[in-house]
Amino acid sequence: MPSRDVLEHRVSPDGRLNSSKFAMDLETLLRDIRADFTFHTGAHFKSTFVVRPSSTTDASILLNALGPLVERAQVAIYLRGAGSTPFTGCSHAAETVTVDLRLLRGISLNRDKTVVSVHVGETWSSVERELERHDLTILGGGQSPYFSGQGIACDSIEEYEVLLTSGAVLHANEVENTGIWQAIKARQEDGVVITSLKIRTLRSVDLPGDVAHYMPESFNLLAEAVLLFARSESSINTRVMFSAGYGYGRRLNTCCYFPAKGMQNDTLFQPFASLPGLVQEGRPLHSGSDIAICDKFACDRGNPARSLTASFSIRLDLALIVDIHQEWLDVSHSLEDIDGHLFSIGFSPMKTIVQLNAQHALQATDADPDESGLFTIMMSSTWKSSADDGRVREGIDMILEKSWAMSRERDLQHSSISADLVYYSGSVLHSYDEKGATLLR
18 MPSRDVLEHR
28 VSPDGRLNSS
38 KFAMDLETLL
48 RDIRADFTFH
58 TGAHFKSTFV
68 VRPSSTTDAS
78 ILLNALGPLV
88 ERAQVAIYLR
98 GAGSTPFTGC
108 SHAAETVTVD
118 LRLLRGISLN
128 RDKTVVSVHV
138 GETWSSVERE
148 LERHDLTILG
158 GGQSPYFSGQ
168 GIACDSIEEY
178 EVLLTSGAVL
188 HANEVENTGI
198 WQAIKARQED
208 GVVITSLKIR
218 TLRSVDLPGD
228 VAHYMPESFN
238 LLAEAVLLFA
248 RSESSINTRV
258 MFSAGYGYGR
268 RLNTCCYFPA
278 KGMQNDTLFQ
288 PFASLPGLVQ
298 EGRPLHSGSD
308 IAICDKFACD
318 RGNPARSLTA
328 SFSIRLDLAL
338 IVDIHQEWLD
348 VSHSLEDIDG
358 HLFSIGFSPM
368 KTIVQLNAQH
378 ALQATDADPD
388 ESGLFTIMMS
398 STWKSSADDG
408 RVREGIDMIL
418 EKSWAMSRER
428 DLQHSSISAD
438 LVYYSGSVLH
448 SYDEKGATLL
458 R
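Position one of the sequence shown corresponds to residue 18 (the numbering used here), numbered consecutively onward.
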């Protein structure tokens with residue numbers, strides 16, 4: 018095993034970093050652990066190393082060697098996984114190491130097929146496609162159509178394999194390392210890297226759904242209709258999501274319903290059919306496994322060069338939703354000239370599911386499991402050129418900052434319930450200390 022001294026002696030007497038020496042030292046370390054790496058240079062950063070460990074052991078050795086430098090704030094570590102948020106770029110710091118975990122691959126079912134083990138290098142798509150062969154599915158990731166009846170994604174995870182900054186490998190579950198287990202679920206654990214998950218499976222069923230489109234000026238009425246639906250909803254088998262979006266010079270509001278067999282034929286969703294501004298009545302979204310729904314949502318985006326997603330949660334309140342949408346609208350107008358920019362903000366109400374899962378999901382926090390429900394809000398942005406990274410990030414930062422400020426002032430802030438898509442901004446990672454935020458960026 019290589020010694021962490023390989024990286025220690027590159028620090029000059031005045032405490033400054035020697036970039037060329039750092040490159041040589043890091044290359045020696047990576048050669049010893051047979052890890053792949055790439056050296057980048059650019060106008061916005063002096064040096065960034067992208068390290069691709071091929072096993073948990075390699076990642077452990079790397080963190081063990083870099084840990085002391087991270088603690089002294091001499092090196093920043095950034096993580097890249099294969100989840101639903103593509104990596105958008107590198108740090109502006111002089112010395113950074115991006116640990117790219119996408120080579121940590123592997124999907125395996127237990128004997129009775131009730132639990133699937135997934136390494137973080139897998140994508141939700143690859144997991145779903147493997148499980149589909151067995152007529153199975155899972156709740157992850159992001160906004161699952163199964164939320165209403167089965168719970169939020171983090172509730173279905175039975176175990177995490179994690180790396181500490183010391184390089185130690187631990188397994189956290191309800192029996193072993195329970196403190197870390199609860200803290201991860203509450204998004205409060207700093208200084209750990211998740212390398213694999215054990216997730217409960219469920220039987221895949223048909224998920225008929227409808228999608229309808231509305232004119233941009235109908236947003237307030239659509240939001241009011243969804244809010245009324247959320248407050249009166251009592252079934253664990255229904256789901257409504259709506260969004261505002263910009264792309265290709267056009268703006269449109271969209272609403273999705275699960276399960277549904279036509280808005281006009283389903284009394285539950287008839288109010289949405291009578292809203293002013295309806296430009297396309299409900300049309301079938303899907304009537305099969307949930308992976309096709311994900312494929313349907315993703316098909317219009319293609320394969321963008323740059324992408325960024327952020328989510329947060331608020332309590333049910335129409336005025337706050339309208340104000341957050343206005344903040345998004347103002348920023349989206351300012352970014353219209355960005356090449357290939359697609360920008361959306363989606364609102365997903367949860368009520369019954371919060372009541373069913375609040376105690377389990379929030380047991381490690383001081384949050385009050387509000388029985389009135391919540392809205393999970395997710396912004397998604399894709400664009401073509403890295404030259405526009407700064408503008409997009411600044412725009413999303415502005416929306417987040419103002420949205421959180423408004424929700425705090427009105428006592429409508431809610432603990433983030435969609436940890437998969439939590440954003441790098443310090444204003445969102447407010448429960449983490451600097452060390453934890455650095456490791457999670």
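Where a beta carbon is used, it is the ideal one built from N, C-alpha and C, also for glycine.
Note that the structure is predicted; figures quoted are calculated from it, not measured.
Which class does Pro293 belong to by DSSP, given the choice of helix, strand or coil? Mapped onto the sequence shown, residue 293 falls at position 276. Coil, per DSSP.
Could you check the C-alpha separation between Arg220 and Leu86 for me, to the nearest Å? On the sequence shown, residue 220 is found 203 positions in, with the first residue counted as 1. On the sequence shown, residue 86 is found 69 positions in, with the first residue counted as 1. Going from the Cα of Arg220 to the Cα of Leu86 covers about 46 Å.
Please state whether the Cβ-Cβ distance between Arg119 and Arg97 is less than 8 Å. Numbered from its first residue, the sequence shown carries residue 119 at position 102. Numbered from its first residue, the sequence shown carries residue 97 at position 80. Yes, these two residues count as a Cβ contact at 8 Å.
Residue burial classification, Gln430 (beta-carbon count within 10 angstroms, cutoff 16): Locating residue 430 in the sequence shown gives position 413, where the first residue counts as 1. Gln430 is buried by the Cβ-count criterion.
Cβ atoms of Glu175 and Ile216: under 8 Å apart, would you say? Residue mapping note: residue 216 aligns to position 199 of the sequence shown, counting from 1. Residue mapping note: residue 175 aligns to position 158 of the sequence shown, counting from 1. Result yes, Cβ atoms of Ile216 and Glu175 sit closer than 8 Å.
Please return the same chain residues whose Cβ sits closer than 8 Å to the Cβ of Gly138, not counting the five positions on each side in sequence. The residue labelled residue 138 in the question sits at position 121 within the sequence shown. The residues are Gly98, Ala99, Leu118, Arg119, Leu120, Leu121, Arg122, Gly123.
Beta strand (DSSP E) runs wholly inside the stretch 135-202, at least 3 long, in chain order: Along the stretch 135-202, the beta strand (DSSP E) occurs as fully enclosed runs of 3 or more residues at 174-181, 186-189, listed in sequence order.
Nearest to Phe259 by CA position, among Met396, Val192, Gly184, is which residue? Against the sequence shown, residue 259 aligns to sequence position 242. Selected option, being the one with the closest Cα: Met396.
Report all residues from its chain with a CB closer than 7 Å to the CB of Phe104; omit the five preceding and five following residues, and keep chain order. Here residue 104 refers to the residue found at position 87 of the sequence shown. A caution first: Phe104 carries a pLDDT of 44, below 50, which makes its placement in the model unreliable, though a value can still be read off. For Phe104, where only same-chain residues beyond five positions count, the Cβ hits under 7 Å are Arg97.
Assigned secondary structure, Pro366 (DSSP; H/G/I helix, E/B strand, else coil): Taking the first residue of the sequence shown as position 1, residue 366 is located at position 349. In the three-state reduction of the DSSP assignment, Pro366 falls in the strand class, which pools E and B.
Taking contact to mean at least 3 C-beta pairs separated by less than 8 Å, is the stretch 237-245 in contact with the stretch 331-340? Under the 8 Å Cβ criterion, the stretch 237-245 counts as touching the stretch 331-340, having at least three qualifying pairs.
If Ile355 and Arg408 are in contact, beta carbons under 8 Å, what's the gap, nearest whole angstrom? Reading the sequence shown from its first residue, position 338 is the one you call residue 355. Reading the sequence shown from its first residue, position 391 is the one you call residue 408. About 7 Å separates the beta carbon of Ile355 from that of Arg408, a gap short enough to meet the 8 Å contact definition.
By Cβ distance below 6 Å, which residues in the same chain neighbour Asp405 in space, the five residues on each side in sequence not counted? Residue 405 sits at position 388 when you count from the first residue of the sequence shown. Within the same chain, Ile355 come within 6 Å of Asp405 by CB-CB distance, once the 5 residues on both sides are set aside.
Taking 8 Å as the cut-off, decide whether the C-beta atoms of Phe329 and Ser420 are in contact. To locate residue 329, count along the sequence shown from 1; it is residue 312. To locate residue 420, count along the sequence shown from 1; it is residue 403. Contact: yes.
Would you report the Cα separation of Asp347 and Pro366, rounded to the nearest angstrom? Counted from its first residue, the sequence shown places residue 347 at position 330. Counted from its first residue, the sequence shown places residue 366 at position 349. Straight across, the Cα-Cα distance linking Asp347 with Pro366 is about 23 Å.
Check whether Tyr95 and Thr115 have beta carbons under 8 Å apart: As a first step, residue 95 must be located in the sequence shown, where it is residue number 78. As a first step, residue 115 must be located in the sequence shown, where it is residue number 98. Their beta carbons are under 8 Å apart, which means Tyr95 touches Thr115 by this criterion.
Straight-line gap, Ser349 to Tyr263 (C-alpha atoms, nearest Å): Within the sequence shown, residue 349 is the residue found at index 332, counting from 1. Within the sequence shown, residue 263 is the residue found at index 246, counting from 1. In a straight line, the C-alpha of Ser349 is about 7 Å away from that of Tyr263.
May I ask which residues mark the beginning and end of the alpha helix (DSSP H) holding Gly412? Taking the first residue of the sequence shown as 1, we reach residue 412 at position 395. Residues 406-426.
Only counting the same chain, and skipping five residues up and downstream in sequence, which positions put a Cβ closer than 8 Å to that of Val132? Here residue 132 refers to the residue found at position 115 of the sequence shown. Listed in chain order, the non-local C-beta contacts of Val132 below 8 Å within the same chain comprise Leu126, Glu175, Lys215, Ile216, Arg217, Thr218, local neighbours out to five positions each way being set aside.
Which residue's Cα is closest to the Cα of Lys130: Thr140, Asn81, Leu153? On the sequence shown, residue 130 is found 113 positions in, with the first residue counted as 1. Taking only the C-alpha atoms, the option nearest Lys130 is Leu153.
Phe236 - containing alpha helix (DSSP H), residue span: Position 219 of the sequence shown, counted from the start, is the residue given in the question as residue 236. Here the alpha helix (DSSP H) through Phe236 covers 236-249.
Alpha carbon to alpha carbon, how far is Arg128 from Ile416? Give it in angstroms, no decimals. As a position in the sequence shown, residue 416 is number 399, starting the count at 1. As a position in the sequence shown, residue 128 is number 111, starting the count at 1. Ile416 and Arg128: Cα-Cα distance of roughly 47 Å.
Take Glu234 and list the residues in its own chain whose beta-carbon comes closer than 8 Å to its own, dropping the five residues that flank it on each side. Reading the sequence shown from its first residue, position 217 is the one you call residue 234. Contacts found: Gly294.
Output the distance between the C-alpha atoms of Pro70 and Arg332, rounded to the nearest integer angstrom. Counting from 1 along the sequence shown, the entry for residue 70 is found at position 53. Counting from 1 along the sequence shown, the entry for residue 332 is found at position 315. So the two alpha carbons sit approximately 41 Å from each other.
How big is the Cα-Cα spacing for Ala247 and Glu353? Numbered from its first residue, the sequence shown carries residue 247 at position 230. Numbered from its first residue, the sequence shown carries residue 353 at position 336. About 32 Å.
Thr195, buried or exposed, once every other Cβ within 10 Å from all chains shown has been counted against 16: Within the sequence shown, numbered from 1, the residue matching residue 195 stands at position 178. Thr195 should be labelled exposed.
Buried or exposed by the 16-neighbour rule on C-beta atoms within 10 Å, applied to Glu411: Numbered from 1 along the sequence shown, position 394 holds the residue referred to as residue 411. Glu411 is exposed by the Cβ-count criterion.
Among the residues of its own chain, which have a CB less than 7 Å from the CB of Glu191, if the five just before and after it don't count? For the purposes of this step, residue 191 is taken as residue 174 along the sequence shown, with counting starting at 1. Excluding residues within five positions, the ones whose Cβ falls inside 7 Å are Trp198.
Starting from Asp347, trace the alpha helix (DSSP H) in both directions and tell me its first and last residue. Indexing the sequence shown from 1 puts residue 347 at position 330. Element bounds for Asp347: 335-351.
Closest by C-alpha distance to Trp400, when choosing among Ile413, Ile394, Asp428, Gly357: As a first step, residue 400 is located in the sequence shown; it is residue number 383 there, counting from the start. Selected option, being the one with the closest Cα: Gly357.
I believe Gly226 touches Gly84 by the beta-carbon criterion, under 8 Å. Please report the beta-carbon distance rounded to the nearest angstrom. The residue labelled residue 226 in the question sits at position 209 within the sequence shown. The residue labelled residue 84 in the question sits at position 67 within the sequence shown. Actually they do not touch by this definition, with Cβ atoms about 47 Å apart.
Expressed to the nearest angstrom, what Euclidean distance is found between the alpha-carbon atoms of Val68 and Ser213? In the sequence shown, counting from the first residue as 1, residue 68 sits at position 51. In the sequence shown, counting from the first residue as 1, residue 213 sits at position 196. Here the alpha carbon of Val68 sits roughly 18 Å from the alpha carbon of Ser213.
By DSSP, does Thr218 sit in helix, in strand, or in coil? The residue you call residue 218 lines up with position 201 of the sequence shown. Reduced to three states, the DSSP call for Thr218 is coil.
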